[in-house]
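Novice:
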Amino acid sequence: MLSSSKPSKDERVEYLKGSDAEKKICANLKVIKKPEVVRCLNNLHENQKIEMKLFGKQSIYCCKQSDQVTVVPADLEEKQKELETLKLSCCCQNEDLKKLKERNKELKNLVEELSKQPLNSEIPIVKNSLRQQWIELQNRLNELSKGDDGKIGSNDQGDLRNENPKNLDYEEDSAVKQVKIMTTEQIEQIDQQLNHYKSLWINRSKTKVLRMRTQRQSFLQSIELETEPQSLIDLKDQDEIDKKNLLMCKPSSKRRRL
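For the sequence shown, position 244 matches number 244 in UniProt numbering, and the numbering has no gaps at all.
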């Protein structure tokens, strides 16, 4: 009879190893005793069913190697050649797969770029918006040129309302093309022009303020109205600031109750 608890695979392998192998087999079977097991193994060895090797007083039993399946060298070489061909085919397939992945990535990028572009149905809307932007920019340029020269020259573009709509469409298309192929140098040139117009506008506003101050002073002198000089006004302001600082630094008369 076998034991109630089944031994693991490693434990079953260990039963056939070591000097106490017969004891472990007997302990597992619980019916067949050690002398009977030894007699059975010796009988199998005599019938050339198993092999036995003596190491001093110990005897080790093992199965015959001749019963195992042997590999022919020719078959082994053929298998190795087949394995090499499979490896080469696998490498080729990996290269093809890599190329397909790169192509797939390029196509995905192309699809993303195309998805950002407007649809055919949206082209008129985009065209109208670009036209409106172009008109606004032209109006701003005309206003800035008026502020710089004081009037619009005869060679200027003039009022957009008096221009031909066909010319506007043609100029709009050319402006759109310029925006698409505009370089960094052109953008820098436009920024420089914009900064120039801004500086001109600031200088013009400063001259207006100075002119108003001189007109005020001349008017006060004409009506003989005396005003305090700026130095006295600055002193008064400084006195008021000092008084406020003293009031803030003065300690309060109220004491805190403990």
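Backbone N, C-alpha and C define an ideal beta-carbon position, used for all residues, glycine too.
It should be emphasised that the depicted structure is a prediction, and the values quoted were computed from it without experimental measurement.
Can you pull the DSSP bridge partners for residue 58?
Specialist: Its beta-bridge partners are 55.
Novice: Going straight from the alpha carbon of residue 21 to that of residue 90, what length do you get?
Specialist: So the two alpha carbons sit approximately 49 Å from each other.
Novice: I'd like the list of long-range same chain contacts for residue 52, defined as Cβ closer than 6 Å, with 5 residues on each side in sequence excluded.
Specialist: Closer than 6 Å at the Cβ level, and outside the excluded window around residue 52, lie 45, 59 and 61.
Novice: With DSSP as the reference, please indicate the residues paired to residue 63 in a beta bridge.
Specialist: Beta-bridge pairing links residue 63 to 50.
Novice: What number of angstroms, rounded off, separates the C-alpha of residue 40 from the C-alpha of residue 24?
Specialist: Their backbone Cα atoms lie some 16 Å apart in a straight line.
Novice: Please say whether residue 118 and residue 126 have beta carbons closer to each other than 7 Å?
Specialist: Yes, these two residues count as a Cβ contact at 7 Å.
Novice: At the level of alpha carbons, what is the spacing between residue 55 and residue 64?
Specialist: C-alpha separation (whole angstroms): 18 Å.
Novice: State yes or no: is the C-beta of residue 197 within less than 7 Å of the C-beta of residue 144?
Specialist: Yes.
Novice: Is any heavy atom in the ligand HEM found nearer than 6 Å to the beta carbon of residue 201?
Specialist: No copy of the ligand HEM occurs in the structure displayed, which carries no ligand at all.
Novice: From residue 191 to residue 185, what does the alpha carbon distance come to, in whole angstroms?
Specialist: Those two C-alpha atoms are separated by around 10 Å.
Novice: How would you write the range of the alpha helix (DSSP H) that residue 98 sits in, first residue to last?
Specialist: Element bounds for residue 98: 73 to 116.
Novice: How long is the line joining the alpha carbons of residue 93 and residue 83, rounded to whole angstroms?
Specialist: Their Cα atoms are separated by approximately 15 Å.
Novice: What's the C-alpha gap between residue 199 and residue 214?
Specialist: Residue 199 and residue 214: Cα-Cα distance of roughly 23 Å.
Novice: Taking C-alpha atoms, which residue in 187, 194 and 103 lies nearest to residue 140?
Specialist: Considering only alpha carbons, the answer is 194.
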